[in-house]
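Enquirer:
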Amino acid sequence: MPELPEVETVRSGLAKWVVGRRIAAVQVLHPRPVRRHVAGPDDFAAALKGRVVEAARRRGKFLWLPLDGGDALLGHLGMSGQMLVSPAEHEPHRHLRVRFDFDDGGPQLHFVDQRMFGGLSISPGGAALPAEIAHIAPDPLEPAFDDEAFVAALRRKRTGVKRALLDQTLISGVGNIYADEALWRAGLHGERPADRLTRPAARRLLGHVRDVLTAAIVDGGTSFDALYVNVNGESGYFDVSLAAYGREGRPCRRCATPIRRESFANRSSFSCPKCQPKPRARIV
DNA sequence: AGTTGCCCCTGCGCGC
DNA sequence: TGCGCGCAGGGGCAAC
Numbered sequence: 002m003p004e005l006p007e008v009e010t011v012r013s014g015l016a017k018w019v020v021g022r023r024i025a026a027v028q029v030l031h032p033r034p035v036r037r038h039v040a041g042p043d044d045f046a047a048a049l050k051g052r053v054v055e056a057a058r059r060r061g062k063f064l065w066l067p068l069d070g071g072d073a074l075l076g077h078l079g080m081s082g083q084m085l086v087s088p089a090e091h092e093p094h095r096h097l098r099v100r101f102d103f104d105d106g107g108p109q110l111h112f113v114d115q116r117m118f119g120g121l122s123i124s125p126g127g128a129a130l131p132a133e134i135a136h137i138a139p140d141p142l143e144p145a146f147d148d149e150a151f152v153a154a155l156r157r158k159r160t161g162v163k164r165a166l167l168d169q170t171l172i173s174g175v176g177n178i179y180a181d182e183a184l185w186r187a188g189l190h191g192e193r194p195a196d197r198l199t200r201p202a203a204r205r206l207l208g209h210v211r212d213v214l215t216a217a218i219v220d221g222g223t224s225f226d227a228l229y230v231n232v233n234g235e236s237g238y239f240d241v242s243l244a245a246y247g248r249e250g251r252p253c254r255r256c257a258t259p260i261r262r263e264s265f266a267n268r269s270s271f272s273c274p275k276c277q278p279k280p281r282a283r284i285v
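With the first letter of the first sequence counted as 1, position 216 gets the number 217 in the numbering used here; the numbers rise by one all the way through.
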């Protein structure tokens, strides 16, 4: 579910509510979200007890909390993960998987995840950049992102431009919603061969990716339902600004043609049939 | 080596 | 009312 804007909204909430606090206890209520910690849930909890959270960082859709001593708590929300800051007296969420208590007795941190595609792990020495996510490309909102390197790499991809946008080793943070939104803004169908984009077209597409991600962060992300909320349980409202995703049959905001839905990699793609014409088959 | 497909999970809404 | 099916903001890994 969460893409870069949603994860960034969560990160800023963690920066505000969790950074600077010392973990007093960790309870793992379901082992699956901690599956990447090979030593097991008990070891995971023991290793975090007493550690101070020093920062809240993000690359693409990954989050990490640098801890005193140089390690980091690395997290990914998967399709349905949430980080909630919750007073201890509140009724726990049905899908609460991991609970963190702090030594100040203040609100707890709850990792909630219905589908459990997300997870938490400890990255040894991973405060600056966890080794586990070294294979992920920078995201387009961080200074390390190299626009021209991305444009060149995109134009070498022997695949459709949407698949390329979703390739986290090429550009991170873009998921199914914002890929469709950026392609709509660029007037490109997702099946357009990436290696046939002109350099200027690739640069324009990157600009649209950056613009839509930035606009969505301002709105606190996209919330279709209760599965995505910020650390205080509040929804984002970028959904009202979506132009393509989830708008099948509704008029294109540019030309009023009904938005089309096509199946794509076990999911869906939304686009305007007129503004984003399907490419002709590749002639080899 | 680069690209594609399958699988991991739970729950909800729809049609029969 | 009940059940089966399709679908959902992601990513790792095996197989071509």
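The C-beta atom is built at its ideal place from N, Cα and C for all residues, glycine as well.
Got a sec? Which residues, its chain only, sit under 8 Å from V285 by beta carbon, not counting five neighbours each side?
Expert: For V285, the predicted model reports a pLDDT of 44, less than 50, meaning its position is unreliable and no value from the coordinates is stated.
Enquirer: Taking only three categories from DSSP, how would you classify D196?
Expert: Three-state result, D196: helix.
Enquirer: Is any non-hydrogen atom of the ligand SAM found closer than 7 Å to the C-beta of C276, if you look at the structure I gave you?
Expert: Absent from the structure shown: the ligand SAM. Ligands present: none.
Enquirer: Are C276 and G188 closer than 8 Å when you measure CB to CB?
Expert: Yes, the pair counts as a contact, with Cβ atoms nearer than the cut-off.
Enquirer: Could you give the uninterrupted runs of the alpha helix (DSSP H) lying entirely in the stretch 129-155, keeping only those of 4 residues or more?
Expert: Counting whole runs of 4 or more residues, the stretch 129-155 contains the alpha helix (DSSP H) stretches 148-155.
Enquirer: Terminal residues of the continuous beta strand (DSSP E) containing F271?
Expert: Counting along the chain, the beta strand (DSSP E) containing F271 begins and ends at 268-272.
Enquirer: Is it true that the CB of P34 sits closer than 8 Å to the CB of F112?
Expert: Against a cut-off of 8 Å, the Cβ pair of P34 and F112 comes out as a contact.
Enquirer: Under three-state DSSP, which class holds R204?
Expert: Looking at R204 - three-state DSSP - the assignment turns out to be helix.
Enquirer: Run through DSSP, which three-state label would L121 get?
Expert: Correct three-state label for L121: strand.
Enquirer: Can you name the residues that DSSP bridges to Q109?
Expert: DSSP lists S87 as partners of Q109.
Enquirer: What are the boundary residues of the alpha helix (DSSP H) that includes G76?
Expert: Note, G76: premise wrong, no alpha helix (DSSP H); beta strand (DSSP E) at 73-77.
Enquirer: Starting from the C-beta of A26, find all residues in its chain whose C-beta is less than 7 Å away, skip the five residues before and the five after it, and write them out in chain order.
Expert: So the list reads K50, D102, once near-sequence residues are dropped.
Enquirer: To which residues of the same chain is L78 closer than 6 Å at the C-beta, ignoring the five residues directly before and after it?
Expert: Only P3, G119 meet the Cβ criterion.
Enquirer: Taking its Cβ as the centre, do 16 or more other Cβ atoms sit within 10 Å of F45, making it buried, or is it exposed?
Expert: Buried, by the Cβ-count rule.
Enquirer: For E263, which residues does DSSP report across the bridge?
Expert: The partner list for E263 (beta bridge, DSSP) reads S270.
Enquirer: Measure from the alpha carbon of D181 to the alpha carbon of each residue in K17, F151, S269, then state which is nearest.
Expert: The shortest C-alpha separation from D181 is found at S269.
Enquirer: Within its chain, find whatever has a CB closer than 6 Å to the CB of P32; leave out the 5 residues flanking it on each side and keep chain order.
Expert: For P32, where only same-chain residues beyond five positions count, the Cβ hits under 6 Å are P42.
Enquirer: Could you spell out the range, first to last residue, of the alpha helix (DSSP H) harbouring P6?
Expert: Residues 5-18.
Enquirer: Can you give the Cα-Cα distance for R36 and P6, rounded to whole angstroms?
Expert: Distance between the alpha carbons of R36 and P6: 26 Å.
Enquirer: Would you give the residue range spanned by the alpha helix (DSSP H) that F45 belongs to?
Expert: Residues 42-49.
Enquirer: Rounded to the nearest angstrom, what separates H190 and Y179 at their Cα positions?
Expert: So the two alpha carbons sit approximately 14 Å from each other.
Enquirer: Who are W185's beta bridge partners in DSSP?
Expert: Looking at the DSSP assignment, W185 forms no beta bridge with any residue, so it has no partner.
Enquirer: Assuming R211 and L142 form a contact by the criterion Cβ under 8 Å, report the distance between their Cβ atoms to the nearest whole angstrom.
Expert: The Cβ separation is near 7 Å, so the contact holds.
Enquirer: So is D105 buried or exposed if we call it buried at 16+ other beta carbons inside 10 Å?
Expert: Exposed, by the Cβ-count rule.
Enquirer: Look at the alpha carbon of R52 and the alpha carbon of L74, and state the distance between them as a whole number of angstroms.
Expert: The straight-line gap from Cα to Cα measures roughly 10 Å.
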